Amino acid sequence: MQIPDLNLLIALDILLEEGSVTGAARRMNLSAPAMSRTLTRIREALNDPILVRSGRGLAPTPRALELREQVRGVVELAHGVFAPGQETDLTMLERTFSVRANDMFFGAFGNQLLERLARDMPNATLRMVPEGDIDDDALNEGRIDLAVCATRKFGADIKVQRLFNSSLIGIAREGHPLFDEELDAERFASFDHISVSRRGRARGPIDTLLAELNLQRRISLVLPTFHAAMFAVAGSDLILPSIPRPMVRNLMGLGLRLRTFELPVPVETIVMVQAWHPRLDNDHAHRWLRRSLKDMCDGTLD
Numbered sequence: 499m500q501i502p503d504l505n506l507l508i509a510l511d512i513l514l515e516e517g518s519v520t521g522a523a524r525r526m527n528l529s530a531p532a533m534s535r536t537l538t539r540i541r542e543a544l545n546d547p548i549l550v551r552s553g554r555g556l557a558p559t560p561r562a563l564e565l566r567e568q569v570r571g572v573v574e575l576a577h578g579v580f581a582p583g584q585e586t587d588l589t590m591l592e593r594t595f596s597v598r599a600n601d602m603f604f605g606a607f608g609n610q611l612l613e614r615l616a617r618d619m620p621n622a623t624l625r626m627v628p629e630g631d632i633d634d635d636a637l638n639e640g641r642i643d644l645a646v647c648a649t650r651k652f653g654a655d656i657k658v659q660r661l662f663n664s665s666l667i668g669i670a671r672e673g674h675p676l677f678d679e680e681l682d683a684e685r686f687a688s689f690d691h692i693s694v695s696r697r698g699r700a701r702g703p704i705d706t707l708l709a710e711l712n713l714q715r716r717i718s719l720v721l722p723t724f725h726a727a728m729f730a731v732a733g734s735d736l737i738l739p740s741i742p743r744p745m746v747r748n749l750m751g752l753g754l755r756l757r758t759f760e761l762p763v764p765v766e767t768i769v770m771v772q773a774w775h776p777r778l779d780n781d782h783a784h785r786w787l788r789r790s791l792k793d794m795c796d797g798t799l800d
């Protein structure tokens, strides 16, 4: 079997990141005509234009967008083969960490992680990837470096480490009638709710608990992210009953006129974990990332 030219993968990765032949040529220390010839070879190898003219720049084709994460993962794995392992100088290392997590996690811990990156690995880039339905394949294929999520079943090969436990808390705007009286399950169910679900699901564990009390709530709005839900709560009479407690600290710093409330039904505590493929166990930079996340989360109250 003919071995493909791995230099084309490196060039493709840089072209997709730069969106410019000139910018990619500068990164690879090539002339613009040489980079243009390389792009032609990539197009022939993949049987796709990859980048097409759009206004003053170049835009990726659907095929290029489909390949972007896979190419990035393969290139970083190749770099790892030649990296000097334990002796890597993190302050000089250029590395992109692709982390799959929801906006709740980044809202609670993102700034701390960025501060640590700036201090210990200033040339690194943090790339947050939206949550998807299938995490195992992305980890196995190297399209993401780390998955941060509520505990779930992973493949047998995937390494998993607990980060923290979190109870859920509710939020509503200041002056909401919810705060006028003691909140019980019946009053709780009488207000219109927001559901946060990346898959568009309206119902969940809270509805099961309410059904056991012969109660049913009305879901008036389903949103894919917690941050979108916060702003919706701040400007309406809707309530959001399922925000993880660690996010409250950052929430109050946004200046939104919101108040929290304890849920009147016994919702189970969620367990947040980080998961990675074992090929990254001994990667010096990846161990730094895992250790940093674990250190930050160890201070989180259950």
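All you need for my numbering is the position in the sequence shown, starting with 1, plus 498.
Beta carbons are placed, not taken as given, at the ideal position from N, Cα and C, and that holds for glycine.
Every value quoted in this text rests on a predicted model; they were computed, and no experiment measured them.
Item to complete: Could you name the residues of the same chain whose beta carbon sits closer than 7 Å to that of Ser740, not counting the 5 residues immediately before and after it, in chain order?
Response: Leu666, Val694 and Ile704
Worksheet item: How about Ile821 and Arg524: do their beta carbons lie closer than 7 Å?
Response: In this structure the chain extends from 499 to 800, so residue 821 is not present and cannot be described.
Item to complete: Go through its chain and collect everything with a Cβ distance to Leu754's Cβ below 6 Å, but skip five positions before and after it.
Response: Ala732
Worksheet entry | Alpha-carbon to alpha-carbon, Pro558 and Glu515 | 10 Å
Practice prompt. Could you tell me the boundaries of the beta strand (DSSP E) in which Gly668 lies?
Written response: Leu666 to Arg671
Fill in: Segment contact, 8 Å Cβ cut-off, at least three pairs: the stretch 563-577 with the stretch 680-692
no
Item to complete: Identify whether Asp690 lies in helix, strand or coil by the three-state DSSP scheme.
Response: strand
Item to complete: Answer with buried or exposed for Gln772, where buried requires no fewer than 16 other C-beta atoms within 10 angstroms of its C-beta.
Response: buried
Worksheet item: What are the partner residues of Asn663, as DSSP defines its beta bridges?
Response: Val769
Discussion item. Assuming the contact rule is C-beta atoms closer than 8 Å, Val573 and Ile508 should be a hit. Round their C-beta distance to whole Å, please.
Written reply: 6 Å
Worksheet item: Which residue spans inside the stretch 689-725 form an unbroken beta strand (DSSP E) run of at least 3?
Response: 690-694 and 716-721
Discussion item. Three Cβ pairs or more, each shorter than 8 Å: is that satisfied between the stretch 679-687 and the stretch 606-621?
Written reply: no
Worksheet item: Out of Met602, Ala606 and Met619, which has the shortest C-alpha to C-alpha gap to Phe595?
Response: Met619
Discussion item. Is Arg697 close to chain D? Criterion is C-beta to C-beta, closer than 7 Å.
Written reply: In the displayed structure, chain D is absent; only one protein chain is listed.
Item to complete: Use the C-beta contact count for Gly668: other C-beta atoms within 10 angstroms, 16 or more gives buried, fewer gives exposed.
Response: buried
Discussion item. With DSSP as the reference, identify every bridge partner of Leu556, one or two as the case may be.
Written reply: Arg551
Worksheet item: What distance in whole Å lies between the Cβ atoms of Ile540 and Val597, which are believed to be in contact at a cut-off of 8 Å?
Response: No, Val597 and Ile540 are not in contact; Cβ-Cβ is about 28 Å, not under 8 Å.
Worksheet entry | Arg789 classed as buried or exposed, judged by whether at least 16 other C-beta atoms fall within 10 angstroms | exposed
Worksheet item: Excluding five sequence neighbours on each side, which residues of the same chain lie with their C-beta closer than 7 Å to the C-beta of Pro742?
Response: Met602, Ser664, Leu666 and Ile768
Worksheet item: Quick one, are the C-beta atoms of Leu713 and Ala687 less than 7 Å apart?
Response: yes
Worksheet item: What residue from Leu756, Arg696 and Phe604 has the CA that sits closest to Glu672's CA?
Response: Leu756
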